[in-house]
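One structure below.
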Amino acid sequence: SVITVPHFEVYNPARWNSICRSPSPSRTLHKRSTVKKLKMPHVLPPLPYAYNALEPYICEEIMVLHHTKHHQAYVNNLNAAEAKEASAASPQAKIALQAAIKFNGGGHINHSLFWTNLAPADPSIRSSNSGSGAVGGVLQDGPLKDSINRDFGSQKEFIDQFNAKTAAIQGSGWGWLVLNKSTKRLEIVTTPNQDPVLDPYSPLIGVDIWEHAFYLQYKNDKVKYLNEIWHVINYQEAERRFSEAFEASKL
């Protein structure tokens with residue numbers, strides 16, 4: 049019988065250096081894996097309704113300025129800060145940018161949540177102006193309403209407690225209805241400036257109490273602004289967030 053002897057190629061440095069420099073698939077894959085991926089820039093999300101769709105509770109002028117100027121500024125500044133961080137030459141330079149990333153990143157996160165937890169109160173314009181088809185101010189029967197009644201007593205008691213706690217914010221900030229994923233109960237919390245909601249909380253409804261959110265219409269009467277905004281709160285979106293957060297808390 050014939051025995052086939054395996055062929056082992058003698059190591060040739062010149063040949064293997066040439067192979068390692070060639071654009072073979074394996075080499076290309078290796079090169080790609082060592083290249084730092086560039087972050088895609090953040091963008092201003094479109095509103096799911098027209099700028100005048102929340103009137104008379106939030107006027108068109110406020111919505112245009114709030115969305116196209118204030119939120120856009122957070123997006124622009126966040127992109128600029130992250131670009132500088134990516135090219136920073138030292139840990140100290142990266143650390144120096146964290147305050148800008150936190151503030152503008154929080155502003156982008158919070159406002160993106162804010163727009164979608166609002167909806168027109170007028171049912172006749174919801175289909176054309178509201179992407180979700182929700183009607184503002186309507187809390188339907190379901191798990192969210194049951195949890196609000198359990199944890200606050202009633203929808204009215206919840207709103208009264210939310211408004212009192214949010215109106216007490218010194219300076220600028222946000223009021224939030226959150227699900228505490230540890231206790232599975234609803235709570236009202238506030239965050240200063242543009243700080244976002246962090247674990248163990250999951251945001252369900254957020255209300256912007258910065259003056260740019262209401263001053264053109266309500267002047268310094270933020271209590272009236274807080275009372276009126278519930279006419280355009282999108283409880284349907286809050287219900288969706290509640291269900292999503294509750295399921296995630298089981299994992």
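So for the sequence shown, our numbering puts the first residue at 49; every next one is plus one.
From the three backbone atoms N, C-alpha and C, an ideal C-beta is built for every residue, glycine too.
It should be emphasised that the depicted structure is a prediction, and the values quoted were computed from it without experimental measurement.
Burial check for Ile-106: the Cβ neighbour count within 10 Å reaches 16 or more, so the residue is buried.
Within 10 angstroms of the beta-carbon of Ser-250 lie 16 or more other beta-carbons, which makes it buried. Comparing alpha-carbon positions, the option among Glu-235, His-90, Leu-102, Tyr-263 lying closest to Ile-207 turns out to be Glu-235. Taking C-beta separations shorter than 8 angstroms and ignoring five residues to either side along the sequence, the partners of Trp-278 in its chain run Gly-185, Ile-207, following chain order.
Of all alpha-carbon atoms in Lys-150, Pro-94, Glu-295, the one lying nearest the alpha-carbon of Phe-162 is that of Pro-94.
Straight through space, the alpha carbons of His-114 and Ser-220 are spaced by roughly 15 angstroms.
DSSP lists Gly-223 as the bridge partner or partners of Thr-238.
Apart from the 5 residues on each side of it in sequence, Asp-199 sits with its Cβ closer than 6 angstroms to the Cβ of Arg-233, Leu-234 in its chain, given in chain order. Between the region 250–259 and the region 285–296 there are three or more C-beta pairs closer than 8 angstroms, enough to call the two in contact.
With respect to Leu-264, Glu-103 sits apart: the two C-beta atoms are not nearer than 8 angstroms.
Inter-segment contact for the region 126–139 and the region 209–218 is absent: fewer than three beta-carbon pairs are separated by less than 8 angstroms. By alpha-carbon distance to Asn-125, the top candidate from Gln-140, Asn-268, Ala-147 is Ala-147.
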